[in-house]
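Q:
In the numbering used here, the protein residues as written are 60 to 376.
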């Protein structure tokens, strides 16, 4: 064998060894790769709706051997932006977020985009949709429509107050659906609004103040069940609950029990269980480079005294 042939064989052997080493390194890297780290922050964990979403997300993530880092900004957008920055610094692979304020969250989501961290927005929209890889929401506008339609089938006229949360797009959509459905029907008058931030303890004094100002109030449309429960407490305190209709959105166990008792008129059932499971599926579709839907709208259903027994009073749907 000539020296050239020998050199060629040695060259082939060297290249072969290098390829084998490269394959081994790749395999080892895949085998020993740190688990995925998923960050999550919701507007407040004081609302059990978000706790249920997070629990469903955690079940899936932990079953895959990955890590969920959940943060609670307690209704502070400044704090939520700081949390997102910290999560990005910790090296998360993907971010799940329910914004406190759908506009003021933009700088934090822009930072995530700059760092190539995909964002999944749940139970809301954001002012810059391009900053989200996927948005998962209930049919919030439709929830408001369902409440207004039930009201119009129940009473021929009404003096209405609204419990709002202008910083949350989901809440804005619900109230807008309610307003739009009543548009043009002058017998249904909206005579007051309260920014309740979706919180019972804020809704109760706000509704109480309006009840003192207006003796004709007989309907409350609340953006969610916690604020509806605050309205019920205020109406009861003023001895006017038996004459009022109270609507909420969530389908929380407490609301369903209030409907059974006759204290609450209706709630529109969301499914935090389904939202959480859907969010987990999308998270892994994105992380694994699979195809996924950019917008997912989860159906809602009106719960009244007529059908409340079809729903579990002890848990969420």
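The C-beta atom is built at its ideal place from N, Cα and C for all residues, glycine as well. Quick caveat: nothing in here was measured; it's all calculated off a predicted structure.
Under DSSP, the alpha helix (DSSP H) around residue 127 begins and ends at which residues?
A: No alpha helix (DSSP H) contains residue 127, which is instead part of the beta strand (DSSP E) from 126-130.
Q: Could you tell me if residue 188 is buried or exposed, where buried requires 16 or more neighbouring beta carbons within 10 angstroms of its beta carbon?
A: That one is exposed.
Q: Going along the chain, which residues of its own chain have a beta-carbon closer than 8 Å to the beta-carbon of residue 121, five neighbours each way excluded?
A: Taken in chain order, the residues that qualify are 127.
Q: Looking at C-alpha atoms only, which residue of 99, 203 and 162 is the closest neighbour of residue 179?
A: The candidate whose alpha carbon is nearest that of residue 179 is 99.
Q: Starting from the C-beta of residue 267, find all residues in its chain whose C-beta is less than 8 Å away, skip the five residues before and the five after it, and write them out in chain order.
A: Same-chain partners within the cutoff: 293, 296 and 297.
Q: Quick check: is the beta carbon of residue 320 nearer than 8 Å to any beta carbon in chain B?
A: The displayed structure is made up of one protein chain only, and chain B is not part of it.
Q: Do the region 101-116 and the region 327-337 touch if we need at least three Cβ pairs shorter than 8 Å?
A: A contact exists between the region 101-116 and the region 327-337.
Q: Hey, how far is the Cα of residue 342 from the Cα of residue 125?
A: In a straight line, the C-alpha of residue 342 is about 12 Å away from that of residue 125.
Q: So what's residue 282 in DSSP terms, helix, strand or just coil?
A: Residue state, collapsed to three classes: coil.
Q: Relative to the C-alpha of residue 285, which candidate in 134, 222, 362 and 244 has its C-alpha closest?
A: Of the listed residues, the one whose Cα sits closest to residue 285 is 222.
Q: Express the C-alpha separation of residue 282 and residue 300 in angstroms, rounding to a whole number.
A: Looking at the two C-alpha atoms, the distance is approximately 19 Å.
Q: Restricting to runs no shorter than 4 residues, where is the alpha helix (DSSP H) found entirely within the region 141-177?
A: Listed in chain order, the complete alpha helix (DSSP H) runs (minimum 4 residues) inside the region 141-177 are 165-173.
Q: Is the separation between the beta-carbon of residue 220 and that of residue 276 shorter than 8 Å?
A: A contact, by the Cβ cut-off of 8 Å.
Q: So, with DSSP's three-state summary, where would you put residue 96?
A: Residue state, collapsed to three classes: strand.
Q: Given a cut-off of 8 Å, decide if residue 288 and residue 259 are closer than it, judged by their beta-carbon atoms.
A: Contact: yes.
Q: Enumerated in chain order, which unbroken segments of the beta strand (DSSP E) with a length of 3 residues or greater are wholly contained in the region 255-330?
A: Counting whole runs of 3 or more residues, the region 255-330 contains the beta strand (DSSP E) stretches 278-281, 304-309 and 325-328.
Q: Determine the extent of the alpha helix (DSSP H) in which residue 231 is found, giving its start and end residues.
A: Per DSSP, residue 231 belongs to the alpha helix (DSSP H) from 228-241.
Q: How is residue 208 classed by DSSP in three states: helix, strand or coil?
A: Residue 208: helix per DSSP, three-state reduction.
Q: Between residue 134 and residue 102, how many whole angstroms is the CB-CB distance? I'm expecting something under 8 Å.
A: At roughly 6 Å, the Cβ-Cβ gap stays under 8 Å, so residue 134 and residue 102 are in contact.
Q: Report buried or exposed for residue 315, applying the criterion of at least 16 other Cβ atoms within 10 angstroms of its Cβ.
A: Result: buried.
Q: Is the beta carbon of residue 153 sitting closer than 8 Å to the one on residue 112?
A: No, the pair does not count as a contact, with Cβ atoms beyond the cut-off.
Q: Could you pull out every residue in the same chain whose Cβ sits closer than 6 Å to the Cβ of residue 308, ignoring the five residues on either side in sequence?
A: Answer for residue 308: 202, 233, 283 and 327, listed in chain order.
Q: With 16 other CB atoms within 10 Å as the buried threshold, where does residue 108 fall?
A: Residue 108 is buried by the Cβ-count criterion.
Q: Taking 8 Å as the cut-off, does the region 343-354 touch the region 199-213 (at least 3 CB pairs, one atom from each stretch)?
A: With the cut-off at 8 Å, the region 199-213 and the region 343-354 do not touch.
Q: I need the DSSP call for residue 348, collapsed to helix, strand or coil.
A: DSSP places residue 348 in coil when its eight states are reduced to three.
Q: Apart from the five residues just before and just after residue 375, which ones in its own chain have a Cβ nearer than 6 Å to its Cβ?
A: Only 111, 331 and 332 meet the Cβ criterion.
Q: So, is residue 166 buried or exposed, given that buried needs 16 or more other C-beta atoms within 10 angstroms?
A: Label assigned to residue 166: exposed.
Q: When every heavy atom of the ligand SAH is checked, does at least one fall within less than 7 Å of the C-beta of residue 232?
A: The ligand SAH is not part of the structure shown, which contains no ligands of any sort.
Q: Take residue 372 and list the residues in its own chain whose beta-carbon comes closer than 7 Å to its own, dropping the five residues that flank it on each side.
A: The residues are 312, 315, 316 and 319.
Q: Can you grab the Cα-Cα spacing for the pair residue 329 / residue 151, in whole Å?
A: Each residue's alpha carbon lies about 29 Å from the other.
Q: Determine the direct distance from the alpha carbon of residue 255 to that of residue 217, and round the result to whole angstroms.
A: If I take the Cα positions, the gap works out to 21 Å.
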